[in-house]
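There are 2 protein chains.
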Amino acid sequence: MTRSEENYLKIIFHLGGSNSTPITTNAIAEQMETKPSSVTDMAKKLAEKGLVNYKKYQGVSLTDQGTKTALSIIRKHRLWEVFLVKKLDFSWDEVHEVAEQLEHIKSEKLIDKIDELLEFPKFDPHGDPIPSKDGKFMVRDKQLLSEVAIGDKGVCVGVKDSSAPFLKFLDKNKIALGHTIQVLEKEDFDQSLHIAMEGRELRISHQIASNLYVKKNE
Amino acid sequence: MTRSEENYLKIIFHLGGSNSTPITTNAIAEQMETKPSSVTDMAKKLAEKGLVNYKKYQGVSLTDQGTKTALSIIRKHRLWEVFLVKKLDFSWDEVHEVAEQLEHIKSEKLIDKIDELLEFPKFDPHGDPIPSKDGKFMVRDKQLLSEVAIGDKGVCVGVKDSSAPFLKFLDKNKIALGHTIQVLEKEDFDQSLHIAMEGRELRISHQIASNLYVKKNE
DNA sequence: AATTAAATTTAGACAAAACTAAAAATAGGT
DNA sequence: ACCTATTTTTAGTTTTGTCTAAATTTAATT
Ligand SMILES: [Mn+2]
Ligand SMILES: [Mn+2]
Ligand SMILES: [Mn+2]
Ligand SMILES: [Mn+2]
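Residue numbers (numbering that gives the first Met the number 0), protein chains in the order written: chain A, 0 to 217; chain B, 0 to 217.
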């Protein structure tokens, strides 16, 4: 498995290409920051290796083997992110870039030992689940803050957009995973929310609310 | 800097190509497990970038910039080796292969934090010195056990051959860095040594003795 | 000094992963 | 059903790092 092949599999998985849902050439090209013609070439190569299903003009989906491989890369990526935050004091907006490199290190023992050192975390710093060695992971029932009804409370458990600018914005406004949020009011005009959190009240835009996941309290 | 360029610089350094000592094409090819013609190609490219001095048929040596780069790769390699041993319980014969990959991860912050986590170690698990950020490192006055005079004592501080088979042999015979060794007798016939170490006596071949570094006691 | 052996470089080719430009297939709108 | 816009594929290049085979230079030996 080359680094490039691994990145393609990971991206196809993230675009939903597991469960034999076909993903378009253009969608993959956009995520890979490459050209559609390059995606076609790689689709053929991965199909040759039995990692994806590919029929001309019909898009690409992962085989079981391809899904398994994608999950093992994602497992490594997220474990390294946890490592960087918990053991090396990186902030959650700095880890993704480095994890993009570390995820390609080939050593089963290494990642198992990292997992052990971190005491087998189930979620990464952005709230995304960490697949186990055999490719299983928790699906947390969560919803976007923008879809929570007025008056309801929830715990912030993840971000949808994990870009550095968004994460830095959250830091600046002291919004962090684990905080409890109550929706006080929704502004009809611009969909902004008035929320209560950790003993203070603040107003956040729809754009922010639709990139924050909360787990509703029972 | 590509991974391949980094590996070439590291190998030229290890062959003594710092201090403007020219290293032959063949020697580099052998270490890189590649063909001499490939080395010539790379020599041109590295010369183009100002990392090596290269004149046709005259061998290759590192420039100051090339030496600096080589030392930063070696620094990363050795720090990762310490990390693997101290934090993840790898044995000293398992770390080299993984460090060969980790040494190419590009993040200044990452390696500085690893350095800090390890409390700024000065030597790697094989007794090799770890260069500082500015490329300085300790030169320990050590000598091969095979060159120690009869009756003299020394502390085992490093290995010359750090291949897995040799390291495993040392483990099996409970020879480890930090142990004090006294040479009791040298066998004229096969140059084997009779030594005392940690309260027991044993006989070791010349081949072993000439791959173990000791620091003589004053 | 001439010959031979060894080391090194050149020339041409290849695989991986990307690109551009052109051709082909699909999907939408009338 | 036809035309058009979009998507996708093909064909032909490029770059990086390698290779083989042939040519050249250097070193060693007579
Ligand atoms: Mn990647
Ligand atoms: Mn993440
Ligand atoms: Mn390397
Ligand atoms: Mn070492």
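Glycine is no exception: its CB is placed at the ideal position from the N, C-alpha and C atoms.
Inset, instruction - Consult DSSP for F188(B) and reduce its assignment to one of helix, strand or coil. - result: coil
Inset, instruction - May I ask you to check if the CB of N52(B) is nearer than 7 angstroms to at least one heavy atom of ligand 3? - result: no
Legend entry - chain A contacts made by the segment 91-104 of chain B, where a contact means CB separation under 7 angstroms: V97, Q100, L101 and I104
Inset, instruction - Could you have a look at P66(A) and say whether DSSP puts it in helix, strand or coil? - result: A small correction: the amino acid at residue 66(A) is Thr; Pro does not occupy that position in the sequence shown. In this structure, T66(A) counts as helix in the three-state DSSP scheme.
Legend entry - is_contact[D123(B), chain A] using C-beta, thresh 8 angstroms: no
Legend entry - ligand 3 heavy atom lying under 7 angstroms from the CB of E99(B): yes
Legend entry - First through last residue of the alpha helix (DSSP H) which encompasses V94(B): V94 to L101
Inset, instruction - Inspect the beta-carbon positions of V138(B) and V182(B) and report whether they are closer than 8 angstroms. - result: no
Legend entry - Proximity test, Cβ basis, 8 angstroms: L87(A) and chain B: yes
Inset, instruction - Please confirm if S106(B) has its CB atom under 8 angstroms from at least one CB of chain A. - result: yes
Inset, instruction - Pick helix, strand or coil for Y212(A), following the three-state DSSP scheme. - result: strand
Legend entry - Residues of its chain near G15(A), where Cβ-Cβ distance is below 8 angstroms and the 5 sequence neighbours each way are ignored: I22
Inset, instruction - Examine chain B for any beta-carbon lying closer than 8 angstroms to the beta-carbon of L183(A), and answer yes or no. - result: no
Inset, instruction - Within its chain, find whatever has a CB closer than 6 angstroms to the CB of K214(B); leave out the 5 residues flanking it on each side and keep chain order. - result: K141, G153, V154 and V156
Inset, instruction - Buried or exposed for N210(A), please, with buried defined as at least 16 other CB atoms from any protein chain shown within 10 angstroms of its CB. - result: buried
Inset, instruction - Would you mind stating whether L116(A) and K86(B) have Cβ atoms separated by less than 8 angstroms? - result: yes
Inset, instruction - Measure from the C-beta of K75(A) to each C-beta in chain B and report whether the shortest distance is under 8 angstroms. - result: no
Legend entry - Residues in the segment 158-178 of chain B having any Cβ partner in chain A nearer than 7 angstroms: none
Legend entry - The alpha helix (DSSP H) enclosing V51(A), as first and last residue numbers: From DSSP, V51(A) is part of no alpha helix (DSSP H) but of the beta strand (DSSP E) over V51 to Y53.
Inset, instruction - Give the interface partners of K214(B) over in chain A, defined as CB-CB distance under 9 angstroms, in chain order. - result: Neighbours of K214(B) on chain A: none; closest Cβ ~32 angstroms, over 9 angstroms.
Inset, instruction - With 9 angstroms as the C-beta to C-beta threshold (strictly closer), list the residues of the segment 128-144 of chain B near chain A in chain order. - result: none
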